[in-house]
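Numbering (full-length UniProt numbering), first residue to last: 1 to 304.
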């Protein structure tokens with residue numbers, strides 16, 4: 001992947017925690033190595049799945065440093081900017097560039113539901129703070145702010161805005177964005193259980209969640225779509241779909257960390273206010289994951 005080219009599979013990795021809910025930097029490094037060995041194209045740290053809302057700025061920078069060290073130049077490491085204030089977000093962007101982060105995934109400021117003008121000003125302030133390319137993360141379902149085509153047109157004069165993480169949950173937005181803006185932005189799908197549809201409609205990449213447990217399957221789907229082998233991609237995708245559904249809902253972090261624990265033996269610990277799944281919730285997730293493992297496709301059939 002070239003700088004400012006965010007094609008391919010970009011895992012939004014979880015943030016591993018010790019038993020006492022402290023960041024496990026060795027766990028972060030192990031995740032990065034596991035993903036690279038699975039064939040991914042970049043690493044995204046400290047996103048929603050990475051429990052950004054419960055991490056300090058110092059922890060985010062430490063996680064980014066650990067990921068960069070583990071990646072060792074093999075793939076770019078991107079840091080998520082999801083702060084309560086624009087000034088803190090801008091300062092984090094500047095520090096990220098200093099430590100070697102190669103790109104940013106940026107959300108609107110948290111908590112306050114800004115209007116369109118305020119959102120655009122926020123993004124421009126983050127862009128001004130560093131020379132790093134930026135993925136504009138649009139997830140109105142989770143964060144209450146919809147970054148419209150008109151706003152993206154307004155922002156199009158800033159070359160640092162290179163891509164959009166499309167997480168509206170409405171695949172119509174892909175064609176609408178292309179119709180309004182042509183190829184100005186790279187489009188990245190951010191909803192796991194709409195990923196194949198989104199890639200077929202023209203998304204250039206997949207910022208993925210369940211990739212953290214199943215990188216090779218995720219990469220295979222992406223590559224098959226790029227090769228126009230849609231029927232084969234669909235076979236893997238249909239197997240994957242019950243697992244991809246785990247990326248949806250308020251407990252998606254717990255769901256996916258439990259999935260990782262079952263598949264890879266990693267820690268399922270989350271940071272409070274989240275708590276690990278118990279009882280019927282845990283049983284339901286375990287059943288989905290165990291069924292997926294029993295029926296896991298043979299990727300050699302597809303040339304992987």
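All C-beta atoms in this analysis are idealised placements derived from N, C-alpha and C, irrespective of residue type, glycine included.
- Boundaries of the alpha helix (DSSP H) harbouring residue 34: 25-37, taken from the DSSP string.
- C-alpha of residue 119 to C-alpha of residue 214: approximately 35 Å in a straight line.
- Contact between the stretch 18-26 and the stretch 198-211 is absent, with fewer than three C-beta pairs closer than 8 Å.
- With a threshold of 16 other beta carbon atoms within 10 Å, residue 71 meets it and is buried.
- Contact between residue 83 and residue 92 is confirmed by a C-beta separation of about 6 Å, below the 8 Å threshold.
- In the DSSP assignment, residue 110 falls outside any beta strand (DSSP E) and carries neither an H nor an E.
- Residue 15 sits in coil when the DSSP states are folded into three classes, being neither helix nor strand.
- Here residue 32 is not near residue 80, since their CB atoms are 8 Å or more apart.
- For residue 147, no alpha helix (DSSP H) run applies, since DSSP gives it neither H nor E.
- Rounded to the nearest whole angstrom, the C-alpha separation of residue 108 and residue 135 is 12 Å.
- Residue burial annotation: residue 182 is exposed, with fewer than 16 other C-beta atoms found within 10 angstroms of its C-beta.
- The beta carbons of residue 207 and residue 188 sit closer together than 8 Å.
- With distances taken between CA atoms, residue 121 lies nearest to 147 out of 147, 232, 236 and 285.
- Only residues of its own chain outside the window of five on either side were considered, and among them 196 have a CB closer than 8 Å to the CB of residue 234, listed in chain order.
- As the crow flies, the alpha-carbon of residue 278 is around 21 Å from that of residue 22.
- Separation of residue 303 and residue 228 (C-alpha to C-alpha, rounded to the nearest whole angstrom) is 14 Å.
- Going by beta carbons, residue 276 and residue 291 fall outside the 8 Å limit.
- Looking at the DSSP output, residue 69 shares a beta bridge with no other residue.
- Sorting 114, 132, 158 and 139 by C-alpha distance to the C-alpha of residue 76 places 132 at the top.
- In the DSSP assignment, residue 60 forms no beta bridge with any residue.
- Assignment of residue 186 by DSSP, reduced to helix, strand and coil, places it in the strand class.
- For residue 162, the enclosing beta strand (DSSP E) starts and ends at 161-166.
- Comparing alpha carbon positions, the residue from 250, 51, 204 and 61 closest to residue 174 is 204.
- Taking 8 Å as the cut-off, the beta carbon of residue 38 is found closer than this to the beta carbon of residue 219.
- Distance between residue 149 and residue 137, taken at the CA atoms: about 13 Å.
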